[in-house]
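Have a look at the structure below before the remarks.
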Amino acid sequence: MAGGVTALTAHPTYAVFERYMVLYKRLWRASVFSSFALPLLFLASIGLGVGQYVGSLEGVPYAAWIVPGVLASTAFQMAVGESTYGVLGSFKWTRSSHAMYATRVSIGDMLRGWLLYLVVRGVIAVAVFMAVVVWFGVLASPWALATPLVAALLTVATAAPVTAFAASIDHDSYFALLFRFVMIPATLFSGVFFPVEQMGGWKVAAYVSPLWHGVALCRAATLGQEPPWPVWAHAGVLVAVAAAGWWWASAAFRRRLRD
Amino acid sequence: MQPLIYARGLVKRFGSFTAVDGIDLEVQPGEAFGFLGPNGAGKSSTMRMISCVSMPSAGELRILGRDPVREGPAIRARLGVCPQLDNLDPDLTVWENLTTYARYFGLSRAEARRKAGELLEFAQLTEKASSLVEPLSGGMKRRLTIARAMVNDPELVLLDEPTTGLDPQARHLLWERLFRLKQQGVTLVLTTHYMDEAEQLCDRLVVMDGGRIVAEGSPRRLIEDYSSPEVVELRFGLEELAGYVPRLEGVGDRVDPLPDRILLYAKDGDEAVAEVHRRGLTPSSVLVRRSTLEDVFLHLTGRTLVD
Amino acid sequence: MVTTAVASWVVRRVSPGRVLAVTGRNVAALRSGPSYWLVLVSGFFEPLLYLLSIGVGVGALVGRIPLGDGQVVTYAVFVAPAMLAASAMNGALAETTFNFFFKLRYARTFEAILATPVRPFEVALGELSWAMVRSAFYTAVFLGVMVAFGLAGPWWALAAFPATLLVGLAFGAVGMAASTLMRGWQDFDVMTAAQFSLFLFSGTFAPVQDYPPVLEAVVVATPLYHAVELVRGLTLGQVEWALAGHAAYLLVMVAAGLWFAARRVERVLCK
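Written as structure tokens, this is what we have:
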């Protein structure tokens with residue numbers, strides 16, 4: 017067994033990505049509900065119920081207005097959910113990160129492979145969702161085709177800092193704080209359900225949420241309207257958050273794996 | 002030949018605590034090298050530095066002739082690591098654990114499959130290929146971890162307490178597998194706090210205590226240097242043992258009182274027992290045995306092994 | 000019938016001290032976890048956030064909403080009691096399903112407890128009591144927020160409090176019965192799906208009369224609908240005989256759930 021020459025082919029980043037895909041092949045059924053069925057049920061509930069009381073908003077039916085918000089928040093929640101217990105567990109319980117790091121896989125490979133996997137998840141979820149809702153006439157513009165791209169960017173901007181947070185903590189009860197103080201407020205006040213302009217001066221709080229920028233871009237795409245800020249500004253914020261998250265995550269992984 | 006591991010004045014500190022306190026090491030290709038010592042001796046910290054995942058605080062370290070700080074991934078590509086805590090992927094099957102891990106090393110899919118088949122055979126887990134990891138026994142998990150450490154045909158295999166927590170059958174099976182690797186010319190470095198394991202597997206070993214190397218040599222050599230050929234164990238009911246020590250003065254080479262028994266180190270055990278009886282002492286039990294690494298250890302660290 | 004059978008069985012078999020010991024374990028576990036106060040206190044903000052977002056934010060878009068009896072109320076007044084009922088359901092289910100299942104199958108907490116004189120049914124009751132303690136804490140806060148926002152009168156809020164406990168107890172008992180049947184985590188997806196569907200379609204966000212008749216008929220048969228109607232009736236101060244019907248539905252859930260859970264816990268743990 018020793019001394020055999022083995023052909024080195026797969027890039028380590030791809031090997032990491034592949035590991036998550038092997039897992040996903042086994043677990044994808046479990047994610048069907050949260051990724052596809054849940055947002056559709058949500059839309060049905062709002063459309064059947066609340067929508068008729070609201071009528072139209074910013075010139076479109078409420079259901080059409082809320083679709084891009086639900087799209088973006090699906091990617092957002094998937095990114096947060098996947099990056100919490102799984103990431104902490106890979107250091108603390110299963111130690112699969114330690115197993116990876118004992119090979120030629122570097123910390124950069126681990127993060128790239130992981131985020132790539134989440135982007136694939138986010139894009140699939142958003143694409144399937146759109147393929148369903150397009151039949152209800154809620155996608156008003158061909159620009160809707162750009163939505164998966166926004167979902168990909170939003171996924172990275174969300175998953176990178178959350179992964180960093182998960183890798184920095186010692187106990188999973190801190191996730192309750194993350195959900196309560198970050199994820200839930202972000203979902204509720206990022207223009208998913210109602211325009212942030214209604215919040216008066218508080219609307220600046222939404223500006224720091226990657227979800228608001230994701231929602232703004234998604235809404236601009238599906239409705240074919242101008243976003244509140246220039247496209248490059250929204251995208252720039254998402255890229256900046258992703259970069260900061262990446263930097264933090266690298267530091268956290270390094271501290272955890274090298275001590 | 003260039004040593005696979007070369008360390009000079011190697012130090013690892015965690016805050017104000019010094020886990021490894023300036024050790025020198027050289028491990029040559031084909032050797033089976035052991036770190037022996039109680040918990041907290043600094044064995045695992047040393048192993049983590051050798052596996053290039055923990056950075057030395059001071060001193061010089063070369064693994065496969067390279068610098069672990071700058072060339073970590075390149076060195077790790079040629080190592081096999083079996084950590085103290087199993088870190089198998091619980092969500093994957095036995096087979097997938099091997100193929101997925103092989104991919105981290107960049108093996109092609111076909112190569113990964115071939116290797117996985119071969120290693121399952123080696124680990125005697127072929128029938129378990131499609132089982133998840135969770136239901137496996139401790140011994141099976143350990144064998145799988147070791148098999149996994151072999152997917153990249155490593156030049157150096159690091160085993161941190163490979164048999165801790167296993168039952169006797171599982172340990173013997175594992176030793177037999179490790180012995181095979183050794184015969185194939187794989188360089189093994191292992192830590193253990195079991196004396197019998199060190200005697201079974203290691204060509205050469207170091208005894209660590211308090212972050213330092215306190216002795217080095219082959220198991221036989223260590224026994225010769227730090228013990229005597231035979232040891233007599235005397236027990237005296239429930240009485241205070243300290244009172245007997247002066248009366249045993251001069252019997253054998255050395256007298257070592259332990260909390261529950263007194264050890265006499267001697268060239269000839271039976272002769273020592275005869276002398277004990279001549280002095281009018283009547284121990285409740287007498288055992289004459291060959292000297293082992295445990296005696297070396299007791300002598301070097303001056304205390305019983307803390308398991 | 001079932002209720003009497005359960006009651007006499009309970010009296011014969013259960014020691015309050017041992018039940019309290021099981022509950023106490025949970026209190027100790029929570030206290031020894033890090034950031035315990037922060038996690039506990041942060042629970043206050045969640046209902047506030049939901050009320051601000053859905054009640055006030057979406058409420059501003061909806062305006063006012065007509066109730067079945069011709070009364071017209073603001074959307075926040077309409078939606079707040081429904082979210083309260085849903086949060087009582089979610090809180091009780093989280094404790095009696097995910098946490099209960101984890102302790103039952105993975106942490107071997109119950110295995111350790113049952114090596115002592117504590118009986119399986121006492122474990123079930125102790126866990127349910129714990130779920131109720133947490134649930135009561137949060138629903139009390141929720142009601143307080145509603146009163147502060149002028150979404151319910153103080154006396155009506157006080158009247159609604161026991162109703163929310165009944166909701167928690169009903170879902171807790173049924174959830175515990177369900178988790179004894181769970182084979183693995185994958186079964187929780189089914190439960191989460193059911194739970195979320197109930198949350199969306201139980202007259203929570205819009206009156207059930209707005210649904211298509213078939214959907215309305217289905218909804219009226221499901222438990223969260225009765226929970227929402229009971230809590231909403233009390234916070235709005237609309238006391239009528241229908242409320243007794245809703246309460247009876249929930250009581251049957253408590254009795255049947257406990258009876259089933261007791262039998263199953265015994266079978267699962269003492270096999």
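Protein chains in written order, with the numbering used here: chain W, 17 to 275; chain A, 2 to 308; chain F, 0 to 270.
We put the beta carbon where it would ideally sit given N, CA and C, even for glycine.
Any chain A beta carbon closer than 8 angstroms to residue i
i        : result
W/Glu98  : no
W/Ser112 : yes
W/Ala23  : Residue placement at W/Ala23 is poorly supported in this model, since its pLDDT is 45, which falls under 50; the coordinates still yield a value, given next. Yes, its Cβ sits closer than 8 angstroms to a Cβ of chain A.
W/Ala18  : Legend: pLDDT at W/Ala18 = 39, less than 50; position of this residue unreliable, value from coordinates given subsequently. Judged by the 8 angstroms Cβ criterion, W/Ala18 is in contact with chain A.
W/Ala26  : yes
W/Ala115 : yes
is_contact[residue i, chain W] using C-beta, thresh 8 angstroms
i        : result
A/Val307 : Bear in mind that the predicted position of A/Val307 carries a pLDDT of just 44, short of 50, making it too unreliable to give a figure here.
F/Thr22  : no
F/Leu197 : no
A/Ser55  : yes
A/Val21  : no
A/Thr336 : Limits of chain A in this structure are 2 at one end and 308 at the other, which puts residue 336 of chain A out of reach.
A/Arg104 : yes
F/Phe204 : yes
F/Ser178 : no
F/Leu37  : yes
A/Asn88  : yes
F/Asp209 : yes
Below-8 angstroms beta-carbon distance, residue i vs any chain F residue
i        : result
W/Ser157 : no
W/Phe152 : no
W/Phe92  : no
W/Val66  : yes
W/Ala53  : yes
W/Pro77  : no
W/Leu57  : yes
W/Pro201 : yes
W/Leu193 : yes
C-beta contact flag for residue i and residue j at 8 angstroms
i        : j        : result
A/Ala42  : A/Asp210 : yes
W/Phe58  : W/Val86  : yes
F/Pro153 : F/Val144 : no
W/Gly138 : W/Thr171 : yes
A/Leu189 : A/Ala33  : yes
A/Glu276 : A/Val252 : yes
F/Gly90  : F/Met175 : no
F/Gly236 : F/Trp155 : yes
W/Val76  : W/Leu227 : no
Within chain W, partners of residue i - CB distance below 9 angstroms
i       : result
A/Pro91 : Trp109, Thr110 and Ser112
Contact list for residue i against chain W, beta-carbon separation under 7 angstroms
i       : result
A/Arg77 : Ala118, Thr119 and Arg120
F/Ala85 : Simply none; closest approach about 12 angstroms.
Chain F residues whose Cβ lies nearer than 9 angstroms to that of residue i
i        : result
W/Arg235 : The contacting residues do not exist; W/Arg235 stays about 15 angstroms from chain F at best.
Proximal residues of chain F, C-beta to C-beta of residue i below 7 angstroms
i       : result
W/Ser61 : Leu199, Phe200 and Phe204
W/Leu73 : Leu60
W/Val70 : Leu60 and Val61
Contacts of residue i in chain W (Cβ-Cβ under 8 angstroms)
i        : result
F/Arg221 : Note that residue 221 of chain F corresponds to Thr in the displayed sequence, not to Arg. Correct list: empty, because the minimum Cβ distance to chain W is about 14 angstroms.
Given 8 angstroms as the limit, is there contact between the stretch 87–96 of chain A and the stretch 162–169 of chain A, that is, 3 or more CB pairs closer than that? Per the Cβ contact rule, the stretch 87–96 of chain A is not in contact with the stretch 162–169 of chain A (fewer than 3 Cβ pairs under 8 angstroms).
Near-chain W residues of the stretch 44–61 of chain F (beta-carbon distance less than 8 angstroms), N- to C-terminal order: For the stretch 44–61 of chain F, the residues whose beta carbon sits under 8 angstroms from a beta carbon of chain W are, in order, Phe44, Glu45, Leu48, Tyr49, Leu51, Ser52, Ile53, Gly56, Val57, Ala59, Leu60 and Val61.
Does the count of Cβ pairs from the stretch 188–201 of chain F and the stretch 117–137 of chain F closer than 8 angstroms reach three? Cβ pair count under 8 angstroms is below three, so no.
Does the pairing of the stretch 55–75 of chain F with the stretch 215–225 of chain F give three or more beta-carbon distances under 8 angstroms? Taking a cut-off of 8 angstroms for Cβ pairs, the stretch 55–75 of chain F and the stretch 215–225 of chain F do not touch, as fewer than three such pairs fall below it.
Listed in chain order, which residues of the stretch 119–145 of chain W have Cβ atoms closer than 9 angstroms to some Cβ of chain A? Going along the stretch 119–145 of chain W in chain order, one finds Thr119, Arg120, Val121, Ser122 and Asp125 with a Cβ nearer than 9 angstroms to chain A.
Does the stretch 194–203 of chain A touch the stretch 115–123 of chain A, meaning 3 or more C-beta pairs lie closer than 8 angstroms? They do not touch, by the three-pair rule.
Would you list, in chain order, the members of the stretch 217–231 of chain W that have their beta-carbon closer than 9 angstroms to a beta-carbon of chain F? Listed by position along the chain: nothing, the set is empty.
Would you list, in chain order, the members of the stretch 28–50 of chain W that have their beta-carbon closer than 9 angstroms to a beta-carbon of chain A? The stretch 28–50 of chain W vs chain A, Cβ under 9 angstroms: Pro28, Tyr30, Ala31, Val32, Glu34, Arg35, Val38, Leu39, Arg42 and Leu43.
Taking 8 angstroms as the threshold, find out whether the stretch 221–237 of chain W comes into contact with the stretch 74–85 of chain W through three or more Cβ pairs. With a cut-off of 8 angstroms, the stretch 74–85 of chain W and the stretch 221–237 of chain W count as touching, because enough Cβ pairs lie within range.
Tell me which residues of the stretch 242–273 of chain W have at least one Cβ-Cβ distance to chain A shorter than 9 angstroms, keeping chain order. Taking a C-beta cut-off of 9 angstroms against chain A, the contacting residues of the stretch 242–273 of chain W are Leu273, listed in chain order.
Counting beta carbon pairs with one atom in the stretch 117–126 of chain F and one in the stretch 188–195 of chain F, are three or more of them shorter than 8 angstroms? Two segments are said to touch when three or more pairs of C-beta atoms, one from each, lie closer than 8 angstroms; by this definition the stretch 188–195 of chain F does not touch the stretch 117–126 of chain F.
At a cut of 8 angstroms, does the stretch 92–108 of chain F reach the stretch 91–105 of chain W through at least three beta carbon pairs? By the C-beta criterion, the stretch 92–108 of chain F is judged not to be in contact with the stretch 91–105 of chain W, since fewer than 3 inter-stretch pairs fall below 8 angstroms.
Do the stretch 146–157 of chain W and the stretch 43–51 of chain W meet, that is, are 3 or more Cβ pairs less than 8 angstroms apart? No, the stretch 146–157 of chain W does not touch the stretch 43–51 of chain W.
Kindly confirm or deny that the stretch 224–233 of chain A and the stretch 259–275 of chain A touch, where touching means at least three C-beta pairs closer than 8 angstroms. Because the criterion of three Cβ pairs below 8 angstroms is met, the stretch 224–233 of chain A and the stretch 259–275 of chain A touch.
The stretch 76–84 of chain A / the stretch 18–26 of chain A touching (three or more Cβ pairs under 8 angstroms): Touching, no, given that fewer than three Cβ pairs across the two stretches are closer than 8 angstroms.
How do the stretch 61–81 of chain W and the stretch 115–127 of chain W stand: do at least 3 beta-carbon pairs fall below 8 angstroms, yes or no? Remark: fewer than three beta-carbon pairs, one from each stretch, lie closer than 8 angstroms, so the stretch 61–81 of chain W and the stretch 115–127 of chain W are not flagged as touching.
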